[in-house]
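Numbering (the numbering used here), first residue to last: 10 to 302.
The C-beta atom is built at its ideal place from N, Cα and C for all residues, glycine as well.
Just so we're clear, the structure is a prediction, and the values are computed from it rather than from any experiment.
So the structure is just underneath, and the comments pick up after that.
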Amino acid sequence: MIILDGKKTSNDIKEEITNQVKSINSSLGKTPHLSAILVGNDGASETYINAKVKACEKVGFASTLVRLPDNVSEEELLSEVDKINNNQDIDGLIVQLPLPSHIDEMKVTEAIDPKKDVDGFHPSNIGRMALNLATYLPATPAGILELLKRYNVETSGKHCVVIGRSHIVGSPMSVLMARNSDPGNCTVTLTHSRTQNLKDITRTADILIVALGKAEFVTSDMIKEGVCIIDVGITRVKSEKTKSGWQLLGDVNFEDVKEKCSYITPVPGGVGPMTIAMLLQNTLLASKKEFFS
Ligand code: NAP
10 MIILDGKKTS
20 NDIKEEITNQ
30 VKSINSSLGK
40 TPHLSAILVG
50 NDGASETYIN
60 AKVKACEKVG
70 FASTLVRLPD
80 NVSEEELLSE
90 VDKINNNQDI
100 DGLIVQLPLP
110 SHIDEMKVTE
120 AIDPKKDVDG
130 FHPSNIGRMA
140 LNLATYLPAT
150 PAGILELLKR
160 YNVETSGKHC
170 VVIGRSHIVG
180 SPMSVLMARN
190 SDPGNCTVTL
200 THSRTQNLKD
210 ITRTADILIV
220 ALGKAEFVTS
230 DMIKEGVCII
240 DVGITRVKSE
250 KTKSGWQLLG
260 DVNFEDVKEK
270 CSYITPVPGG
280 VGPMTIAMLL
290 QNTLLASKKE
300 FFS
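Written out as structure tokens, the structure is:
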């Protein structure tokens, strides 16, 4: 069994980006700039946004964090998005999700200039992705593709089963694995909470991508020998094994499946770090204005 090491791979990618930033700096006198909007002070969102800002600093990007209170109106948030859309010094913009319930997330996503949408969530970028046109791919699915590519996991002609159909992971992942591309060219089955006989389907997977948010849901009886498993899930559970009293678990029971699979991503240290690396990659592309010219 080979561990798909997202921590190491993401560090390699960050190093490559750092070198490209240096060359953009010296040739164009420009520094890629990511702006992030954080509404409220939800603990998990704070952690994610701080990790993104720190990663920007590590590769030499400029970053701006706009903090807005929990009770900010939708109109005020949209006006903030508009300001950043029109700021020529800023290349990429992300709005940390989830937003408070009084704000329409899709309206905010659609308000972001697709050229600056480095999360790749704007409907026009999702459409470009589906048509196999150059665009910003959503960061988590892009990170998974990059891991498969860098570890030379064969995908062509394989049966890929995806568990979960969220807009940010499962759905785009199923589209990307089915595209005529490398990695890609899979026969894809997308499953969700209404899927019947899930185990019968997962047992036929050559590549199993799990993104449902239920700790240790996938067990060895659900997989076939030699499967490649990508575990996207991150659930924080109480634990007596750690100093902090908390532990992060994936959607896959790692200890139970590890002897049966050919490749697997660990949690933590698998898909998570790759997501941040791909956000940086998208921001670099935005600064080079390679798309939408
Ligand atoms: P989500 O929006 O909560 O969606 C969960 C999906 O799983 C839904 O499509 C749901 O089906 C499906 N599902 C739920 N129970 C199921 C079951 N018993 N059998 C089959 N399908 C089932 O999920 P998400 O945002 O994609 O996140 C999933 C997990 O990935 C979470 O743990 C999240 O924290 C993690 N995540 C990690 C990263 C990273 O960078 N590592 C990034 C994003 C998310 P329905 O559509 O029918 O409800």
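Simplified DSSP state of residue 224, which is helix, strand or coil: Here residue 224 refers to the residue found at position 215 when the sequence shown is read from its first residue. Coil at residue 224, not helix or strand.
Residue 41 and residue 100 - do their beta-carbons sit closer together than 8 Å? If you number the sequence shown from 1, residue 100 lands on position 91. If you number the sequence shown from 1, residue 41 lands on position 32. Yes, the Cβ-Cβ distance between residue 100 and residue 41 is below 8 Å.
Which runs of the alpha helix (DSSP H) at least 4 residues long sit entirely within the region 196–247? Give them in chain order. 207–211
Residue from 248, 36, 32 and 241 with nearest C-alpha to residue 173: Residue numbering aside, residue 173 sits at position 164 when the sequence shown is read from its first letter. Measuring from the Cα of residue 173, the nearest candidate turns out to be 241.
Between which residues of its own chain and residue 71 is the CB-CB distance below 6 Å, once the five residues before and five after are set aside? Residue numbering aside, residue 71 sits at position 62 when the sequence shown is read from its first letter. So the qualifying residues of the chain are 40 and 42.
Note down, in chain order, each residue of its chain lying with its Cβ closer than 6 Å to the Cβ of residue 244, except the 5 sequence neighbours on either side. One-based indexing of the sequence shown puts residue 244 at position 235. Cβ neighbours of residue 244 beyond the five flanking positions: 224 and 258.
Who pairs with residue 77 in a beta bridge, going by DSSP? Here the question's residue 77 lines up with position 68 in the sequence shown. DSSP, once it has assigned bridges, lists 48 as partnering residue 77.
Compute every distance between the C-beta of residue 177 and the non-hydrogen atoms of ligand 3, then say whether any falls below 7 Å. Ligands in the displayed structure: ligand 1; ligand 3 is not one of them.
Looking at residue 223 and ligand 1, is the gap between the Cβ and the nearest heavy atom below 7 Å? Here residue 223 refers to the residue found at position 214 when the sequence shown is read from its first residue. It does: the Cβ of residue 223 is within 7 Å (strictly closer) of some heavy atom of ligand 1.
Name the one or two DSSP bridge partners that residue 12 has. Counted from its first residue, the sequence shown places residue 12 at position 3. Paired residues: 273.
Going by beta carbon distance, what residues of the same chain come within less than 6 Å of residue 267, once the five residues before and after it are set aside? Position 258 of the sequence shown, counted from the first residue, corresponds to residue 267. Here the set comprises 10.
Would you report the Cα separation of residue 104 and residue 165, rounded to the nearest angstrom? Against the sequence shown, residue 104 aligns to sequence position 95. Against the sequence shown, residue 165 aligns to sequence position 156. C-alpha separation (whole angstroms): 35 Å.
Proximity of residue 182 and residue 195 at Cβ, strictly below 8 Å: Along the sequence shown, one-based indexing puts residue 182 at 173. Along the sequence shown, one-based indexing puts residue 195 at 186. No, they are not a contact pair.
If you reduce the DSSP assignment to three classes, tell me which class residue 106 lands in. Numbered from its first residue, the sequence shown carries residue 106 at position 97. In the structure shown, residue 106 sits in coil (DSSP, three-state: anything other than H, G, I, E or B).
Residues of its chain near residue 19, where Cβ-Cβ distance is below 6 Å and the 5 sequence neighbours each way are ignored: Numbered from 1 along the sequence shown, position 10 holds the residue referred to as residue 19. The answer, listed in chain order, is 282, 283 and 286.
Below 8 Å on the Cβ atoms is my guess for residue 125 versus residue 106; work out the distance and round it to an integer in Å. In the sequence shown, counting from the first residue as 1, residue 125 sits at position 116. In the sequence shown, counting from the first residue as 1, residue 106 sits at position 97. That belief does not hold up - the Cβ atoms of residue 125 and residue 106 are roughly 16 Å apart, past 8 Å.
Report buried or exposed for residue 215, applying the criterion of at least 16 other Cβ atoms within 10 angstroms of its Cβ. Position 206 of the sequence shown, counted from the start, is the residue given in the question as residue 215. Buried, because 16 or more other Cβ atoms sit within 10 Å of the Cβ of residue 215.
Backbone CA spacing between residue 275 and residue 13 [nearest angstrom]: Within the sequence shown, the letter at position 266 stands for residue 275. Within the sequence shown, the letter at position 4 stands for residue 13. Between residue 275 and residue 13, the C-alpha separation is close to 7 Å.
Whole angstroms is fine: what's the gap from residue 25's alpha carbon to residue 297's? Within the sequence shown, residue 25 is the residue found at index 16, counting from 1. Within the sequence shown, residue 297 is the residue found at index 288, counting from 1. Using only the alpha carbons, I get a separation of about 15 Å.
Quick check: the Cα distance between residue 273 and residue 190, rounded to an integer number of angstroms? Taking the first residue of the sequence shown as position 1, residue 273 is located at position 264. Taking the first residue of the sequence shown as position 1, residue 190 is located at position 181. Rounded to the nearest angstrom, the two C-alpha atoms are 22 Å apart.
Pair within 8 Å by beta-carbon distance, residue 7 and residue 23: There is no way to answer for residue 7, as the model of the chain reaches only from 10 to 302.
Secondary structure of residue 179, DSSP reduced to three states: By 1-based counting over the sequence shown, the position of residue 179 is 170. Helix.
What three-state label does DSSP hand residue 30 in the structure shown? Residue mapping note: residue 30 aligns to position 21 of the sequence shown, counting from 1. Correct three-state label for residue 30: helix.
From this set, 28, 234, 254 and 279, which residue's C-alpha is nearest residue 154's C-alpha? Residue mapping note: residue 154 aligns to position 145 of the sequence shown, counting from 1. Comparing Cα-Cα distances from residue 154 to each of 28, 234, 254 and 279, the minimum goes to 279.
Between residue 87 and chain D, is there a C-beta pair that is closer than 8 Å? Of the protein chains in this structure there is only one, and it is not chain D.
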